[in-house]
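Written below as structure tokens is the structure these notes are about.
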Ligand SMILES: C[S@@+](CC[C@H](N)C(=O)[O-])C[C@H]1O[C@@H](n2cnc3c(N)ncnc32)[C@H](O)[C@@H]1O
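In this note's numbering, the protein residues as written are 46 to 343.
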């Protein structure tokens, strides 16, 4: 039986001084639980971890140590695929958006945090994109013939708008800090892309031994069983299976569903601390039996 996860200590707000101290630390250093506990002796590690995550998102520090690796992979895939239209569901400050647009005509991006807009605008300016008049729920940025549409809102709402407006998406980029597995079938149905690039934040759940998270995410496994312990290779393999199952179940008829074929992958921040970013080609499933046989292989 799983135990309920609960906070044992009553929540204590972070003071502006503490926040400033943590922000200064994060601007210079990577996450080091020992040093952080020394800096904040009265706080628990989960509380520090949660604040670190929030500050990294807020101040665009997420992945600064592997930003080049991520951008290089995005550029490599953009050069191979040459997508005309990209949907980037989790745009953040736009570091990948301005890589995709170098090789495409249009990028539709969504980002849920309102305060990310100013970071996105300053990247647009650096990349010589001009902000134009709003179009519906989308901010519009233009450079010559190239256009970026940014929706400040939920990825699901943005994808639904693309579907309603019959936008033909070539490539979807799912670069979340968590997991997109639960939403993947829906996003695939709404946008019907030919290519998917996905970042697997689930490795952090494996490292933090979040059995509850993994049991929920791995729909191809028995939810009653603990998938842990798992090493990095097993986790990579299970994620590939989970992706394939999610895509295969995107529709009630296999024939209208999707089969995702792994083409390339790269580690962001290394195998032992980082995440995997993968590029999949979206195909039509062959016979259901073949797909199930392949996913069922050890
Ligand atoms: C890893 S960051 C994206 C980094 C970005 N791709 C880059 O390279 O600059 C993930 C982003 O997804 C955003 N996000 C989380 N849930 C979302 C949702 N449901 N819809 C849209 N954006 C979301 C977060 O606010 C965060 O900025």
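For every residue, glycine included, the Cβ atom is placed at its ideal position computed from N, Cα and C. What you are looking at is a predicted structure, and each value in this text was computed from that prediction instead of being measured.
- Within its own chain, the residues whose Cβ lies closer than 7 Å to the Cβ of residue 159, once the five positions on either side in sequence are excluded, are 197, listed in chain order.
- The closest CA to that of residue 111, considering only 333, 290, 322 and 330, is found on 322.
- For residue 235 and residue 48, the gap between their C-alpha atoms comes out near 36 Å.
- Shown here, residue 202 sits in a helix according to DSSP, grouped into three states.
- If only uninterrupted alpha helix (DSSP H) runs of at least 4 residues are considered, those enclosed by the stretch 187-238 are 200-209 and 229-236.
- Shortest Cα-Cα distance from residue 60 to any of 93, 83 and 74 involves 93.
- Across the set 89, 46 and 128, the C-alpha of 89 shows the shortest separation from the C-alpha of residue 58.
- Closest in alpha carbon position to residue 338, among 265, 297, 312 and 315, is 265.
- Here DSSP, grouped into helix, strand and coil, assigns residue 178 to strand.
- By the criterion of a C-beta distance shorter than 6 Å, residue 134 is surrounded in its chain by 155, 200 and 219, once the five residues flanking it on both sides are discounted.
- Within the DSSP bridge table, the entry for residue 323 names 243 and 310 as partners.
- In its chain, beyond the 5 residues on either side, 111, 248, 312 and 313 have a beta carbon closer than 8 Å to the beta carbon of residue 319.
- For the options 129, 145 and 65, the alpha carbon positioned closest to that of residue 100 is the one of 65.
- Here residue 153 is bridged, per DSSP, to 132 and 194.
- The DSSP-derived three-state label of residue 305 is strand.
- Per DSSP, reduced to three states, the secondary structure at residue 254 is coil, with no helix or strand assignment.
- For residue 150, same chain residues with a beta-carbon under 8 Å away, outside a window of 5 residues either side, are 129, 130, 190, 191 and 192 in chain order.
- Boundaries cannot be given for residue 270, as no alpha helix (DSSP H) includes it and DSSP labels it neither H nor E.
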